[in-house]
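**Student:**
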Amino acid sequence: MQHIKFTKYSSYVLTLFVVGIFAWQTQANKWFVPASPTVTVSVDFEKVFSSLEERVFEESKVQTLIESMNADIEVRRQIIAEYEQEFELYEQGSEKWQGLLQEQQLKVLEYQAQVEYSNVRKSRELSKGIRTVYENIRKSSVELSVQNGWDYVIVNDAAIALPQGDDVDMGLEISSRRILYANPALDVTDLLIEYMNSNFDEMAVR
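Reminder that position 113 of the sequence shown reads as 99 in the numbering used here, one-by-one numbering, no gaps.
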């Protein structure tokens, strides 16, 4: 009987030992760090953005829209101005004069509404274009990272000079920076620019 109890106790201890080892291994796996070092490269984002053909294309689309809206606004302004000449043909306060005044006031309201709409539309289209370019920069960064074995692509904000002048909030400027130094040998700005420009097909995005 005593031998049976000892056997059961031994089995219980063995079970706890096995479970403990498994739990320790599971936790150890969480702490495990790959032996191979991570690969981090940097880009000068302002240079990338300003050098992309896609950015030029997006801005040209917005500029075309702006010119079209400005032309429409100018036509409306000229129509309003032409009423001043018609007023001279009629006695001030007459029924015809009053009718022209109401028409002009309506045109002025339409003109003001068009100006306000144009400003909102310009801002929205500019924002949409910037978002499109930014998303494609991220997409291209992922593709290049997969091809070259990069783990991180960071924006090298150290490449941006601090603004000049005594009225600059230097505390805010410095606190917004994250990179103090980036090895130029690990800068892939030009590679990213070349990759994106070579893949950009203007006809494909029309």
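We put the beta carbon where it would ideally sit given N, CA and C, even for glycine.
Measuring alpha carbon to alpha carbon, tell me which of Leu92, Asp173, Lys82 and Lys47 ends up nearest Ala145.
**Tutor:** Taking the sequence shown and counting its residues from 1, the one referred to as residue 145 is at position 159. Residue Asp173 is the option with its Cα nearest to Ala145.
**Student:** Output the boundary residues of the alpha helix (DSSP H) element that contains Lys160.
**Tutor:** Locating residue 160 in the sequence shown gives position 174, counting from the first residue. Here the sequence assigns Ile to residue 160, which means Lys is not the residue at that position. From DSSP, the alpha helix (DSSP H) with Ile160 extends over Met156 to Ser161.
**Student:** What's the call for Thr26, buried or exposed, on a 16-neighbour Cβ count within 10 Å?
**Tutor:** By one-based count along the sequence shown, residue 26 stands at place 40. Under this definition Thr26 is an exposed residue.
**Student:** Would you kindly work out how many angstroms separate the C-alpha atoms of Ser113 and Val106, rounded to a whole number?
**Tutor:** Taking the first residue of the sequence shown as position 1, residue 113 is located at position 127. Taking the first residue of the sequence shown as position 1, residue 106 is located at position 120. In a straight line, the C-alpha of Ser113 is about 11 Å away from that of Val106.
**Student:** Which of the three DSSP states is assigned to Leu178 in this structure?
**Tutor:** If you number the sequence shown from 1, residue 178 lands on position 192. In the structure shown, Leu178 sits in a helix (DSSP, three-state: H, G or I).
**Student:** Please determine, among Asn169, Ala147, Ala168 and Pro170, the residue with the shortest C-alpha to C-alpha distance to Glu159.
**Tutor:** Residue numbering aside, residue 159 sits at position 173 when the sequence shown is read from its first letter. Ranking the options by Cα distance to Glu159, first place goes to Ala147.
**Student:** Starting from the Cα of Ser36, find the closest Cα among Leu130, Leu166, Ile123 and Tyr76 and give me that residue.
**Tutor:** Translated into the one-based positions of the sequence shown, residue 36 becomes position 50. For the residues Leu130, Leu166, Ile123 and Tyr76, the minimum Cα distance to Ser36 belongs to Ile123.
**Student:** I'd like the list of long-range same chain contacts for Ser127, defined as Cβ closer than 7 Å, with 5 residues on each side in sequence excluded.
**Tutor:** Counting from 1 along the sequence shown, the entry for residue 127 is found at position 141. Correct list, in chain order: Val139 and Leu178.
**Student:** Could you check the C-alpha separation between Ile165 and Asp30 for me, to the nearest Å?
**Tutor:** In the sequence shown, counting from the first residue as 1, residue 165 sits at position 179. In the sequence shown, counting from the first residue as 1, residue 30 sits at position 44. Between Ile165 and Asp30, the C-alpha separation is close to 11 Å.
**Student:** Measuring CB to CB, does Phe186 end up less than 7 Å from Glu32?
**Tutor:** As a working note, residue 186 is residue 200 in the sequence shown. As a working note, residue 32 is residue 46 in the sequence shown. No, these two residues do not count as a Cβ contact at 7 Å.
**Student:** Provide the residue span of the alpha helix (DSSP H) that contains Val42, from first to last.
**Tutor:** By one-based count along the sequence shown, residue 42 stands at place 56. Where Val42 is concerned, the enclosing alpha helix (DSSP H) stretches over Glu39 to Phe73.
**Student:** May I ask you to report which of helix, strand or coil DSSP gives Ser28?
**Tutor:** If you number the sequence shown from 1, residue 28 lands on position 42. Note: Ser28 maps to strand in three-state DSSP.
**Student:** In angstroms with no decimal places, state the Cα-to-Cα distance between Gln88 and Glu53.
**Tutor:** Here residue 88 corresponds to residue number 102 of the sequence shown, with the count starting at 1. Here residue 53 corresponds to residue number 67 of the sequence shown, with the count starting at 1. Rounded to whole angstroms, Gln88 to Glu53 spans 29 Å at the Cα level.
**Student:** Just to confirm my understanding: we take Gln100, look at its own chain, exclude 5 residues before and 5 after, and list those with CB closer than 7 Å. What are they?
**Tutor:** Here the question's residue 100 lines up with position 114 in the sequence shown. Answer for Gln100: Asp58, Ile59 and Arg62, listed in chain order.
**Student:** Could you check how far apart the C-beta atoms of Val48 and Gly115 are, in whole angstroms? I think they sit under 8 Å.
**Tutor:** Taking the first residue of the sequence shown as position 1, residue 48 is located at position 62. Taking the first residue of the sequence shown as position 1, residue 115 is located at position 129. Yes, they are in contact, since the Cβ atoms of Val48 and Gly115 sit about 6 Å apart, within 8 Å.
**Student:** Confirm, please, whether the CB-CB distance from Ser28 to Asn142 is below 7 Å.
**Tutor:** Position 156 of the sequence shown, counted from the first residue, corresponds to residue 142. Position 42 of the sequence shown, counted from the first residue, corresponds to residue 28. Yes, Cβ-Cβ distance for Asn142 and Ser28 is below 7 Å.
**Student:** Does the Cβ-Cβ distance between Ile65 and Lys93 come in under 7 Å?
**Tutor:** Along the sequence shown, read from residue 1 onward, the residue named residue 65 stands at position 79. Along the sequence shown, read from residue 1 onward, the residue named residue 93 stands at position 107. A contact, by the Cβ cut-off of 7 Å.
**Student:** Would you please state the rounded distance, in angstroms, between the beta carbons of Ser104 and Met55? I believe it to be under 8 Å.
**Tutor:** Within the sequence shown, numbered from 1, the residue matching residue 104 stands at position 118. Within the sequence shown, numbered from 1, the residue matching residue 55 stands at position 69. The pair is a contact, with the Cβ atoms about 4 Å apart (cut-off 8 Å).
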